[in-house]
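Below you'll find the structure, written out as structure tokens, and then a few comments.
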Amino acid sequence: MRVGRILTALSFAVAMSGLGWAMPWKIQPGFGVGPITLSADPRVADGSLVREDTMKSGGQPIWIKYKEGLELHMERSKVLQIIVHNATMSTKQGPVELEGEGGIKVGMTVAQMEQVLGRNYQARDLKGTAKTQPTETYYAYTSKGIG
Numbered sequence: 001m002r003v004g005r006i007l008t009a010l011s012f013a014v015a016m017s018g019l020g021w022a023m024p025w026k027i028q029p030g031f032g033v034g035p036i037t038l039s040a041d042p043r044v045a046d047g048s049l050v051r052e053d054t055m056k057s058g059g060q061p062i063w064i065k066y067k068e069g070l071e072l073h074m075e076r077s078k079v080l081q082i083i084v085h086n087a088t089m090s091t092k093q094g095p096v097e098l099e100g101e102g103g104i105k106v107g108m109t110v111a112q113m114e115q116v117l118g119r120n121y122q123a124r125d126l127k128g129t130a131k132t133q134p135t136e137t138y139y140a141y142t143s144k145g146i147g
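Residue 71 in the working numbering sits at position 71 of the sequence shown, with consecutive numbering throughout.
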């Protein structure tokens with residue numbers, strides 16, 4: 001009977017651990033995000049994510065938006081650019097945490113970003129921001145392939 005209780009407790013602990021831990025996907029500038037790499041076929045992303053919208057030109061996809069908060073810019077049916085909107089997302093395989101070099105994540109403050117990547121960036125305010133919202137600024141580390 002004691003072995004049965006231990007196995008039940010272990011099963012519960014394993015099940016609960018899956019709820020609290022996110023699998024890491026590395027953001028690798030110039031290479032890719034997790035299993036999705038530059039110049040790859042977009043079907044690689046379809047294995048983990050759910051397509052929300054696809055914009056086509058000449059019958060070929062040029063932008064693919066996923067409901068989890070990731071977008072792919074395509075050229076000749078290959079991934080040209082990967083845009084990440086969230087620091088975490090829930091994929092078909094479970095929760096994923098996105099992290100770049102030095103632990104940088106989407107949503108960090110400018111001070112945190114500078115601490116990890118330095119101040120060698122270009123910054124510009126984005127147009128089209130509603131007057132009731134704060135100005136959005138785009139930061140780019142062109143030498144690192146990060147924006």
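Idealized CB from N, CA, C, for every residue including glycine.
Check your understanding: Buried or exposed: where does residue 36 fall if 16 or more other Cβ atoms within 10 Å of its Cβ makes it buried?
Key -> Counting every other CB atom within 10 Å of its CB across the protein chains shown gives residue 36 a total of 16 or more, marking it as buried.
Point to revise | Identity of the residues DSSP links to residue 53 by a beta bridge | key: DSSP lists 65 as partners of residue 53.
Point to revise | Within 7 Å, strictly: CB atoms of residue 66 and residue 75 | key: no
Review point. Does the distance from the CB of residue 141 to the CB of residue 121 come in under 7 Å?
Key: yes
Exercise for review: State the beta-bridge partners of residue 73 as determined by DSSP.
Suggested key: 63 and 81
Point to revise | In DSSP terms, what residue 125 is bridged to | key: Per DSSP, the beta-bridge partners of residue 125 are 137.
Point to revise | Local conformation of residue 93 per DSSP, three classes | key: Of the three classes helix, strand and coil, the one that applies to residue 93 here is coil, per DSSP.
**Study point:** The alpha helix (DSSP H) enclosing residue 23, as first and last residue numbers
**Key:** Counting along the chain, residue 23 falls outside any alpha helix (DSSP H), though it belongs to the beta strand (DSSP E) covering 23-28.
Practice item. Report yes if the C-beta distance between residue 29 and residue 144 is below 7 Å; otherwise report no. Key: yes
**Study point:** Limits of the alpha helix (DSSP H) - the one that residue 46 falls within
**Key:** 43-46 is the span of the alpha helix (DSSP H), which, as asked, contains residue 46.
Check your understanding: So what does residue 32 bridge to, in DSSP terms?
Key -> 28 and 37
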